[in-house]
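Counting with the working numbering, you get residues 66 to 781 for the letters of the first sequence.
By construction, the Cβ of each residue, glycine as well, lies at the ideal position given by its N, Cα and C atoms.
Working notes, structure below.
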Amino acid sequence: MVPEKFLKPYDPAATEPSLYTQWEQSGFFNPDKLPDQIERTEPFTIIMPPPNANGSLHAGHALFVTLQDIMIRFARMRGNKALWLPGADHAGFETQVVYEKKLEKEGRSRFEMEPRQLYNEILEFTLANKSFMEGQLRQLGASCDWSRELFTLDERVIKTVYGTFKKLGEDGLLYRGKRIVNWCPKHQTSLSNLETIYQTRTEPFYYFQYGPFVIGTSRPETKFGDKYVVMHPDDERYAQYSEGQKIDLEWINGPITATVLKDEAIDMSFGTGVMTITPWHDATDFEIAKRHTLDYEQIIDWRGKLLPVAGEFAGMNIKEARPKMVEKLKEKGLLVKIDEKYTHEVPVCYKCEREIEPQIKAQWFVTMEPLAKKALAAVDAGDVRILTENHNKIFHNWLENIQDWNISRQIVWGIPIPAKLCSKCDGGFVDIDDTMHGVCPKCGGKLVQDPDTFDTWFSSGQWPFATLGYPDSPDFKEFYPTSVMETAADILFFWVARMIMLGLYRTGDVPFRNVYLHGIVRDAKGRKMSKSKGNVISPLEVSNEYGTDALRMGLIVGNTAGTDMNLDPRKIGAYKKFANKIWNIARFLLENIDEIDITAPFTATDSERRAQMQAIAQDVTDDLENYRPYLAAEKLYHYLWDVFASDLLEESKPIFKTGTPEEVASRKRLLMQNFADSLKLLHPFMPFVTEEIWQSLPAVLRTQDMLMVERWPIVK
RNA sequence: GCACCCUUAGCUCAGUUGGUAGAGCACACCCUUCACACGGGUGGGGUCAUAGGUUCGAGUCCUAUAGGGUGCACCA
66 MVPEKFLKPY DPAATEPSLY TQWEQSGFFN PDKLPDQIER TEPFTIIMPP PNANGSLHAG
126 HALFVTLQDI MIRFARMRGN KALWLPGADH AGFETQVVYE KKLEKEGRSR FEMEPRQLYN
186 EILEFTLANK SFMEGQLRQL GASCDWSREL FTLDERVIKT VYGTFKKLGE DGLLYRGKRI
246 VNWCPKHQTS LSNLETIYQT RTEPFYYFQY GPFVIGTSRP ETKFGDKYVV MHPDDERYAQ
306 YSEGQKIDLE WINGPITATV LKDEAIDMSF GTGVMTITPW HDATDFEIAK RHTLDYEQII
366 DWRGKLLPVA GEFAGMNIKE ARPKMVEKLK EKGLLVKIDE KYTHEVPVCY KCEREIEPQI
426 KAQWFVTMEP LAKKALAAVD AGDVRILTEN HNKIFHNWLE NIQDWNISRQ IVWGIPIPAK
486 LCSKCDGGFV DIDDTMHGVC PKCGGKLVQD PDTFDTWFSS GQWPFATLGY PDSPDFKEFY
546 PTSVMETAAD ILFFWVARMI MLGLYRTGDV PFRNVYLHGI VRDAKGRKMS KSKGNVISPL
606 EVSNEYGTDA LRMGLIVGNT AGTDMNLDPR KIGAYKKFAN KIWNIARFLL ENIDEIDITA
666 PFTATDSERR AQMQAIAQDV TDDLENYRPY LAAEKLYHYL WDVFASDLLE ESKPIFKTGT
726 PEEVASRKRL LMQNFADSLK LLHPFMPFVT EEIWQSLPAV LRTQDMLMVE RWPIVK
C-alpha cells in the first residue's frame, strides 16, 4: 500500500535528478507546450539575468534561481503562459580578467598574444563554463525554457546591439570624443564611472613654493608640466594677480613661465586656494583647461610611467618617482611643508584595486540625460514599479545626476564596436555594413576598424528585447514588456537602469513592469563571501548535502527584498528536516488512508479545518502576488509542522480508532485535501519533495501527472 | 558634499496596510509511546537603540539624538 521509499527518511540526492529530467522532458518549461487547461491567457515572463559563463554558480545565483523559479512555478500553476528565458553572459571585462589570471598562472600574458588567438581561447573557456553552468541551473531546479536559451554573443543579440548603436548615432546621442577616462594601468582599458570604486587613504599632502604662490598637492608626480596656476576670482588673498598674468619662476626641472588663471572651480577653503593644473590627468583640470582653451600634455604613459617631459625622472614608475622628486624639490628649497595626515578618497579599478590613472583618450560616449529623463518619467508614471521604495529612491538619485557613459573598452573579449576610425583626421564613424569602403567621409583619409569592444553592460542593457527577438518575432509581440526583472540590488545602475533606458529608447516601451531586487548573500557571520577569505558557501555542495529544496527554503525564509542576508548552513539543515517532516506526513497518510471519498460531507470541526486551509491558501497567494515569498514560505512551514502535523494528525488518530464512519470519512477527506493543497502551495518553494510525494497520492486528488502543472488552489 | 538604510530573544534575522512580539540556531529538563530521534513534550530569555510627538492603541507613522552601515559624486 505504502510505497517502499516512504519507509526510509527522505533522500534528496536519490530523488531530485530524475524529477528534473521528468519535468524537462515533459516540455512544460516551454509556455507554448503547456496543457490546455490554461485559464489565464496573459503571459507571465521573466528574463533570467544571464549568469557569467566564467565559473561556478555562487550563492547569489542560487538565490536568484530560487526567487525566479518560485515566481514562475506560481504563475504556471495559476494557468499563466509562464516563460522564463535563460541565458549566459560572455561578461566581457569580468571574464577577460578571470582569463588573464589563468594566463598569469601559466606564465603568459595577453599583451604578448595575437588578439584573435586570445579571443578564441577565451571563447573556448567560456563555452565550457557555459555548459557546466547550465547543469548547475538544472540542479537548482530552474524550470526555465531551455529551447529559448540565448548567449550574449549570439548573432541575433549582436545585430540588435548594432542597431541600437546606429540609432544612437543617428539621433545625436552618440559621440566620439577625447575626454578624461578612467584608465586602469594594469588592465589597459578605460572603465565607466561605475567600474571604479573609491578607497579612503591617508597619504602625505605636499605644499610647494611655486613662484609667489604655495600650492598643495597629493600627486607631485603629475606636476612636471604644470604651467598654469589657478585661483578663485573672488579670492581676495590673490586679488593682486590677474588672469593671463605671466610669472617667471623656478620649478622642478628649471625655470618656467607660468600663467595665472581665475576659475570658479577652485575651492578657496581647500589647501592654499591655489593650484596648478594637469589637464591630461585630472577631470577638474581638464574642465578648467577646456574653459580657458589651454594645451593638454600627457605626463604619464598608459602603463603608469613618466614620459620625457619629466626630464631625469622619465621612464620611472610614478610611485617610485614621487619620493625622489619631493626630495629634489626639497633640495631646491621649494618644499614648504608636508601634511602627513591627509585623508582622501582614491578611485581604484573595481577588479584589481590599482589606482585609476585619469587619461585623455578618444572613446565612444552615450549622452545619457535624455534617456534618463524618459526612464524617470516611466518609473514615476508607474510603468515600472521598483521594489523596494528604498531602491526607488536610490534609482532616482542616480538618474537625476547621470553622467555620459563611456562604452568603449580596450579588450578583445566582447562585441566589436562597429565603427571605423580615420588615421588622418582622427574621426570616428559608425559603419556597420562597410558602407564607407575604407574612405573617411570627412577628410578622405584611410579608415581602419575600431579595435575596441563594447562595455558588456551596453549589450546587457538591451537583453530583454534582444532575447525576445525585437522587433518582429512573435515572442517579442507576446512577451514584451516582461512581467518582472528579478536581479541583484548591486547592479541597479549597471544593468536595471540601463535596461529601462535602452528598452524605452529602442522599443518605445519599458522592458519590464516590476523590478524585484535581492541583496547580497553573505556568510553566517555577515561577511561578504570571497575565495581569499575561504568563506564561500557553494550552493551546489549545499544542495548535495541537504537537498535543493532545503537550500531554497534557507535562502528564502526571512530574506526580504533589497536587503542582504546571512546564510547559515545550519538554517538549511533545519529545512532538510522539514522536507523529511513532510515526507513522514505523507507516510502517515498513505498508511492510514487507503481510500477516500472526496464527496464525503465534512463534520462541523472538519469544515472549520478546511476553511483554515483555504485561508492559508489565500494568504500565500496574496503574499506571492505581492512579492513576499519570505512570508509565504514561513507560513507554509508553520502550517504543515505546527498545525497539520502536530494538531490535525494527532487528533485524527483517535478518530480513526473510535470515530463513526461519517467522522472517519470526513476526516480522511479533510486530511488528504488539505495535504494536497499544502503540497501545491509549497511546490514553488520546494519543488522536488512536493512533486515526489504528489505522484504517490491517490489519483482522485490529481488532475495532472505532474504537480508542476497542477491547478493552484486559489484561482481568481 | 548629495542620497539612502539599519539598531527587535545569547547569535543571525522576520514582523505585509498601526491592534497586547516570531523563526532558525543556541540553552535547561524530560521522553526511544505504533508518521517522523532529520522526532515529541515542557521551560528560560526581549520596557522592539534613546527622547519626545500623533493615536483609543505604535516594533509598525512623525521629529530629534546616539551608534553602525551603504550608494553616488568630488578637493587639487
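Item	Value
To the nearest angstrom, how far is it from the Cα of residue 355 to the Cα of residue 397?	32 Å
Looking only at C-alpha atoms, which of 739, 353 and 779 sits nearest to residue 766?	739
Do the stretch 475 to 486 and the stretch 576 to 587 touch if we need at least three Cβ pairs shorter than 8 Å?	no
Distance check for residue 180 and residue 754, CA to CA, integer angstroms please.	50 Å
Inspect the beta-carbon positions of residue 567 and residue 432 and report whether they are closer than 8 Å.	no
Name the DSSP beta bridge partners of residue 586, please?	630
Would you say residue 210 and residue 148 are within 8 Å of each other, going by their C-beta atoms?	yes
Please go through the stretch 645 to 704 and give each complete alpha helix (DSSP H) segment of 4 or more residues, from N-terminal end onward.	669 to 690 and 694 to 703
Per DSSP, which one or two residues make a beta bridge with residue 409?	266
What residue from 206, 145, 215 and 661 has the CA that sits closest to residue 151's CA?	215
For residue 255 versus residue 134, is the C-beta distance shorter than 8 Å?	no
Specify the secondary structure class of residue 423 as computed by DSSP and reduced to three states.	strand
Pull up the distance between the alpha-carbon of residue 290 and that of residue 343, whole angstroms please.	7 Å
Quick one: which unbroken beta strand (DSSP E) runs of 3-plus residues sit fully inside the stretch 515 to 572? Chain order, please.	547 to 553
Can you check which of these residues, 594, 631, 272 and 542, is closest to residue 335 by C-alpha distance?	272
Can you tell me which of 624, 315, 450 and 325 puts its alpha carbon nearest to the alpha carbon of residue 297?	325
Residue 452 and residue 626 look like a contact to me (Cβ under 8 Å); what is the Cβ gap, rounded to whole Å?	5 Å
What does the alpha-carbon distance come out to for the pair residue 308 and residue 318?	25 Å
To the nearest angstrom, report how far apart residue 553 and residue 599 are at their CA atoms.	22 Å
Identify, in the order they occur along the chain, each residue of the same chain with its Cβ nearer than 6 Å to the Cβ of residue 312, setting aside the five sequence neighbours on each side.	276 and 323
What does DSSP give as the partner residues of residue 643 in its beta bridges?	DSSP output for residue 643 lists no bridge partner at all.
Please tell me whether residue 536 and residue 564 are closer than 8 Å, where the distance is taken between their beta carbons.	no
Skipping 5 residues on each side, what residues in its chain have a beta carbon closer than 6 Å to that of residue 677?	none
Check residue 730 in the structure and name its three-state DSSP category.	helix
Please report the residue range of the beta strand (DSSP E) in which residue 293 lies.	293 to 296
Within the continuous beta strand (DSSP E) that includes residue 242, where are the two ends?	239 to 249
Spell out a yes or no on whether the stretch 656 to 667 and the stretch 730 to 746 are touching, meaning 3 or more CB-CB pairs, one atom from each, closer than 8 Å.	yes
Report yes if the CB atom of residue 203 is closer than 8 Å to the CB atom of residue 749, and no otherwise.	no
Below 8 Å, how does it come out for the stretch 241 to 254 and the stretch 359 to 376: are there three or more Cβ pairs, yes or no?	yes
For residue 500, tell me which candidate among 488, 489, 490 and 514 has the shortest Cα-Cα distance.	514
Quick check: what's the CA-CA separation for residue 263 versus residue 420?	9 Å
Comparing C-alpha positions only, which one of 744, 542, 763 and 752 sits nearest to residue 83?	752
Quick one: grab the DSSP three-state call for residue 211.	helix
Whole-angstrom Cβ separation of residue 483 and residue 472, contact assumed at under 8 Å?	Their Cβ separation, rounded to whole angstroms, is 12 Å, which puts residue 483 and residue 472 out of contact at 8 Å.
Between which two residues does the beta strand (DSSP E) holding residue 450 run?	450 to 452
Assuming residue 156 and residue 521 are in contact, meaning their beta carbons sit under 8 Å apart, how far apart are those beta carbons, in whole angstroms?	6 Å
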